[in-house]
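Enquirer: Residue numbering for the sequence shown follows UniProt numbering, starting at 1 and increasing by one per position.
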Amino acid sequence: MRLPRRVPWASLDELDQLCSWIYSESTNSTRQLAINRISAWKAITPIPHALESTLSLLVVLQQDNELKNSNASSSSSSLSYLSLRQSYAAAIIRLVNGLVDPLQLGAYAKSIAAIAAQIGLPAWLVELRHAATHEDLPSLELLRQAAKESMTWLLHNYFLPTLNPSSVPQTQAKPLPPLAPLLKRYKTLSKIIARDVTLTARYKNELGGVLRDTERWIGDAKVAANVAVGDLGWGPDSSGAPDAELDPREKWALERLCDALLEKGCLVPLSKRKRTFPADGFSPPVFSVVLWTPLLDHLFSNHPDLTSVLTTRIVSFLTAGQRDSATSEVSADQSYDSCLARWAFWLANSSSTLANTNTTTNVNVDNADLDGNLRDDLAAQLLSALGPGTRDSLRNIKALSELLNALCDVDPDLEAARALVAQPVNLDLASSTEWRGDIMSEMSQRLDALLALDTTAGLDSRAAQHTATNDNLLVEPSEDAKTVAPGWRLLDAASGWRPTPIGVHYPARLA
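(1) In angstroms, rounded to a whole number, what distance separates the CA positions of Gly240 and Asp280?
(2) According to DSSP, simplified to helix, strand and coil, what is Lys222?
(3) Are there three or more Cβ pairs, one per stretch, closer than 8 Å when the region 77-95 is compared with the region 50-61?
(4) Do Leu257 and Ile218 have their C-beta atoms closer together than 9 Å?
(5) State yes or no: is the C-beta of Ile115 within less than 9 Å of the C-beta of Leu103?
(6) Report buried or exposed for Val286, applying the criterion of at least 16 other Cβ atoms within 10 angstroms of its Cβ.
(7) Using 8 Å for Cβ pairs, my map puts Ala406 next to Phe317. What's the rounded Cβ distance?
(8) For a test of the three-state rule: what should DSSP assign to Val96, helix, strand or coil?
(9) Here's a check: name, in chain order, each residue in its chain whose Cβ is nearer than 7 Å to the Cβ of Leu176, leaving out the five neighbours to either side.
(10) Which of the three DSSP states, helix, strand or coil, is assigned to Lys110?
(11) Assuming Leu414 contacts Cys408 under a Cβ cut-off of 8 Å, what Cβ separation, rounded to an integer in Å, is found between them?
(12) Contact check, Gln62 vs Gln17 under 8 Å by CB: the rounded distance?
(13) Where are the alpha helix (DSSP H) runs, 4 residues long or more, that stay fully inside the region 176-221, in chain order?
(14) For Leu155, collect the residues of the same chain with a Cβ closer than 7 Å to its Cβ; drop the 5 residues on either side in sequence, then sort them by chain order.
(15) Would the beta-carbon of Ala131 fall within 9 Å of that of Pro122?
(16) So is Lys191 buried or exposed if we call it buried at 16+ other beta carbons inside 10 Å?
(17) Counting along the chain, where does the alpha helix (DSSP H) carrying Asp297 start and finish?
(18) How big is the Cα-Cα spacing for Pro46 and Phe159?
(19) Within its chain, find whatever has a CB closer than 6 Å to the CB of Ile112; leave out the 5 residues flanking it on each side and keep chain order.
(20) Tell me whether Arg462 sits in a helix, a strand or coil according to DSSP, three-state version.
(21) Grouping DSSP H, G and I as helix and E and B as strand, with all else coil, what is Val268?
(22) Should Ala50 be labelled buried (16 or more other beta-carbon atoms within 10 Å of its own) or exposed?
(23) State buried or exposed for Lys204, treating a residue as buried only when at least 16 other CB atoms are found within 10 Å of its CB.
(24) With a threshold of 7 Å on Cβ separation, who are the neighbours of Val309 within its own chain once the five nearest residues in sequence on each side are excluded?
(25) Please classify Thr162: is it buried, with 16 or more other beta-carbons within 10 angstroms of its beta-carbon, or exposed?
(26) Quick check on the burial criterion: 16 or more other C-beta atoms within 10 angstroms. Buried or exposed for Gln334?
(27) Within 10 Å of its beta-carbon, does Tyr186 have 16 or more other beta-carbons around it, so buried, or fewer, so exposed?
(28) Helix, strand or coil: how does DSSP classify Ile47 here?
(29) Which class does residue 515 belong to by DSSP, given the choice of helix, strand or coil?
(30) For a test of the three-state rule: what should DSSP assign to Gln62, helix, strand or coil?
(31) Check Thr467 in the structure and name its three-state DSSP category.
(32) Output the distance between the C-alpha atoms of Leu128 and Arg6, rounded to the nearest integer angstrom.
(33) Got a sec? Which residues, its chain only, sit under 8 Å from Leu182 by beta carbon, not counting five neighbours each side?
(34) According to the neighbour-count rule (16 or more other Cβ atoms, all chains shown, within 10 Å of its Cβ), is Val96 buried or exposed?
(35) Expressed to the nearest angstrom, what Euclidean distance is found between the alpha-carbon atoms of Gln118 and Arg249?
The following block contains the structure:
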């Protein structure tokens with residue numbers, strides 16, 4: 001859960017008033033009020049980048065109006081216009097850079113134009129930013145138009161969504177490119193190298209390019225996750241650091257990646273004939289492991305949480321409800337489900353090896369801790385799925401049971417989990433649809449026994465016991481005091497009970 005963000009305004013009414021000052025028709029007086037308000041906010045607390053850029057643009061626009069109304073000489077006027085062009089250019093450069101930099105979320109840097117397209121920033125503003133930075137300074141008229149366009153963009157992408165989020169349509173991110181062609185290209189290259197190791201050097205650069213493209217795709221997915229929730233890094237603390245153990249943007253991107261890996265033809269071979277499992281262990285097809293280990297190794301080194309996310313997605317898929325066979329052929333593919341279960345087991349036992357490929361110290365300790373934690377989490381998910389009352393809705397009980405048995409065979413500490421699942425549960429009473437007569441009579445007998453108790457005598461008996469204590473030990477109650485309703489029992493000295501005032505706790509033992 002993300003912590004609340006600190007904002008400079010006491011209420012949205014103050015921000016609404018600021019917005020009306022900025023975008024009102026009488027720009028001379030109200031614009032100065034807006035500049036003063038944002039400057040005061042900036043002096044007392046960090047402000048979002050949107051307000052920083054708004055202040056810079058407003059100051060330049062105010063200077064432009066003052067220059068138009070002044071009667072300065074031609075020489076001083078030319079110098080003022082040059083300074084004005086530079087101020088416009090600096091404000092636009094800071095606006096674009098401040099929007100793009102927080103969204104550089106991948107392992108490899110992306111072009112500014114690509115990120116701007118994902119957040120809906122006009123492409124010509126990016127080109128203007130490039131020209132003002134590396135080429136000739138744009139003309140004053142073009143810079144004025146860019147400033148006007150920037151103020152309009154800030155109105156529709158910051159002020160209006162902040163003032164009334166429900167009335168503004170959600171920002172539509174640029175659709176993510178499909179990952180399947182990229183994975184297919186990787187599979188082709190990896191298959192060539194696996195069949196002839198001497199070709200490794202020849203295809204090394206091409207395979208490295210596919211791995212970099214995969215990382216860029218994950219970066220694009222993170223930006224898409226940001227845009228989907230309307231978070232463009234407006235907060236003053238938007239440094240990209242997660243507030244929880246796993247950044248929600250990272251998790252969303254990794255889940256989309258895992259869904260692509262679970263499709264037929266990726267981790268699970270497309271042909272059923274190739275889904276031949278080793279006889280000496282609960283493992284995926286050997287050739288599939290050879291094909292996909294380089295990619296998984298690369299991904300785990302950059303995204304340590306991918307193992308947990310991938311195993312969770314596999315178990316979630318296997319525990320999903322049965323699908324209509326007319327609309328999904330996967331529900332009847334037992335070998336597909338079994339292959340996924342074997343991949344989950346392989347990941348749970350190989351995650352530390354892959355995550356510590358480049359680690360040279362404390363490998364054994366780290367490996368044991370990492371594998372053990374992941375196996376425990378995986379077993380907990382399986383226990384929740386295979387518990388009483390949930391089996392009928394599972395997709396493939398056999399694959400889940402085989403996965404749990406394999407985990408228990410590797411980790412003896414999980415043997416109790418297997419025994420818990422194997423224990424028969426009597427659900428006759430819970431599953432019955434009608435009350436039986438003997439149950440009603442038994443309940444009536446218990447009710448009569450409770451109503452027949454002499455509560456006053458019981459209280460007197462307990463009081464007598466309390467006064468007859470010796471060295472804080474209770475006297476053994478009489479047989480009459482022990483006679484209570486069926487299903488109830490009277491605590492005595494042997495149980496460690498002692499009378500205490502309400503709200504006072506004593507250890508469950510005698511002094």
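Virtual Cβ for every residue (Gly too), placed ideally from N, Cα, C. What you are looking at is a predicted structure, and each value in this text was computed from that prediction instead of being measured.
Expert: Taking the geometry as given:
(1) For the purposes of this step, residue 240 is taken as residue 240 along the sequence shown, with counting starting at 1. For the purposes of this step, residue 280 is taken as residue 280 along the sequence shown, with counting starting at 1. Note that Gly240 scores 41 on pLDDT, short of 50, meaning its location in the model is unreliable; the coordinates nonetheless yield the value given after this. Between the alpha carbons of Gly240 and Asp280 lies a distance of about 45 Å.
(2) The residue given as residue 222 occupies position 222 in the sequence shown. Helix, per DSSP.
(3) The region 77-95 is in contact with the region 50-61.
(4) The count along the sequence shown starts at 1 and reaches residue 257 at position 257. The count along the sequence shown starts at 1 and reaches residue 218 at position 218. In contact: Leu257 and Ile218 (Cβ atoms closer than 9 Å).
(5) Within the sequence shown, numbered from 1, the residue matching residue 115 stands at position 115. Within the sequence shown, numbered from 1, the residue matching residue 103 stands at position 103. Their beta carbons are under 9 Å apart, which means Ile115 touches Leu103 by this criterion.
(6) In the sequence shown, residue 286 corresponds to position 286, counting from 1. So Val286 counts as exposed.
(7) Translated into positions along the sequence shown, residue 406 becomes position 406. Translated into positions along the sequence shown, residue 317 becomes position 317. Actually they are not in contact, since the Cβ atoms of Ala406 and Phe317 sit about 18 Å apart, beyond 8 Å.
(8) Locating residue 96 in the sequence shown gives position 96, where the first residue counts as 1. In the three-state reduction of the DSSP assignment, Val96 falls in the helix class.
(9) Taking the sequence shown and counting its residues from 1, one reaches residue 176 at position 176. Apart from sequence neighbours up to five positions away, the residues of its chain that approach Leu176 with a beta-carbon distance below 7 Å are Asp220, Ala221, Ala224, ordered along the chain.
(10) By one-based count along the sequence shown, residue 110 stands at place 110. In the structure shown, Lys110 sits in coil (DSSP, three-state: anything other than H, G, I, E or B).
(11) Your numbering for residue 414 matches position 414 in the sequence shown. Your numbering for residue 408 matches position 408 in the sequence shown. Going by Cβ atoms, the distance from Leu414 to Cys408 rounds to 5 Å, so yes, they are a contact pair.
(12) Start at 1 with the first residue of the sequence shown, and residue 62 comes out as number 62. Start at 1 with the first residue of the sequence shown, and residue 17 comes out as number 17. Incorrect: roughly 18 Å between the Cβ atoms, too far for contact.
(13) 180-195
(14) Reading the sequence shown from its first residue, position 155 is the one you call residue 155. Taken in chain order, the residues that qualify are Tyr23.
(15) Residue numbering aside, residue 131 sits at position 131 when the sequence shown is read from its first letter. Residue numbering aside, residue 122 sits at position 122 when the sequence shown is read from its first letter. No, these two residues do not count as a Cβ contact at 9 Å.
(16) Translated into the one-based positions of the sequence shown, residue 191 becomes position 191. Lys191 comes out exposed.
(17) To locate residue 297, count along the sequence shown from 1; it is residue 297. That run of the alpha helix (DSSP H) goes 286-302.
(18) Along the sequence shown, read from residue 1 onward, the residue named residue 46 stands at position 46. Along the sequence shown, read from residue 1 onward, the residue named residue 159 stands at position 159. For Pro46 and Phe159, the distance between alpha carbons rounds to 17 Å.
(19) As a first step, residue 112 is located in the sequence shown; it is residue number 112 there, counting from the start. Closer than 6 Å at Cβ, skipping near neighbours: Val100, Val126.
(20) Within the sequence shown, residue 462 is the residue found at index 462, counting from 1. Note that Arg462 has pLDDT 48, beneath the 50 cutoff, so the model's placement of it is unreliable and no number is given.
(21) For this step, residue 268 is matched to residue 268 along the sequence shown. Reduced to three states, the DSSP call for Val268 is strand.
(22) For the purposes of this step, residue 50 is taken as residue 50 along the sequence shown, with counting starting at 1. By the neighbour-count rule (16 or more Cβ atoms within 10 Å), Ala50 is buried.
(23) Indexing the sequence shown from 1 puts residue 204 at position 204. Classification of Lys204: exposed, given that the 10 Å Cβ count is below 16.
(24) Residue 309 sits at position 309 when you count from the first residue of the sequence shown. Result list for Val309: Lys251, Leu254, Glu255, Cys258, in chain order.
(25) Along the sequence shown, read from residue 1 onward, the residue named residue 162 stands at position 162. Burial call: buried.
(26) Reading the sequence shown from its first residue, position 334 is the one you call residue 334. Gln334 is exposed by the Cβ-count criterion.
(27) As a first step, residue 186 must be located in the sequence shown, where it is residue number 186. Result: buried.
(28) On the sequence shown, position 47 is the one that residue 47 refers to. If DSSP states are grouped into helix, strand and coil, Ile47 belongs with coil.
(29) As displayed, the chain neither begins before 1 nor continues past 511, which places residue 515 out of reach and without an answer.
(30) Mapped onto the sequence shown, residue 62 falls at position 62. If DSSP states are grouped into helix, strand and coil, Gln62 belongs with the helices.
(31) The residue given as residue 467 occupies position 467 in the sequence shown. Only weak support exists for where Thr467 lies, its pLDDT of 46 falling under 50; the value from the coordinates is given anyway. Here Thr467 sits in helix by DSSP.
(32) Along the sequence shown, one-based indexing puts residue 128 at 128. Along the sequence shown, one-based indexing puts residue 6 at 6. Those two C-alpha atoms are separated by around 33 Å.
(33) As a first step, residue 182 must be located in the sequence shown, where it is residue number 182. In chain order, Val210, Asp213, Thr214, Trp217 place their CB closer than 8 Å to the CB of Leu182, counting only its own chain and leaving out the 5 sequence neighbours on each side.
(34) Numbered from its first residue, the sequence shown carries residue 96 at position 96. Classification for Val96: buried.
(35) The residue labelled residue 118 in the question sits at position 118 within the sequence shown. The residue labelled residue 249 in the question sits at position 249 within the sequence shown. Straight-line spacing of the CA atoms in Gln118 and Arg249 works out to 15 Å.
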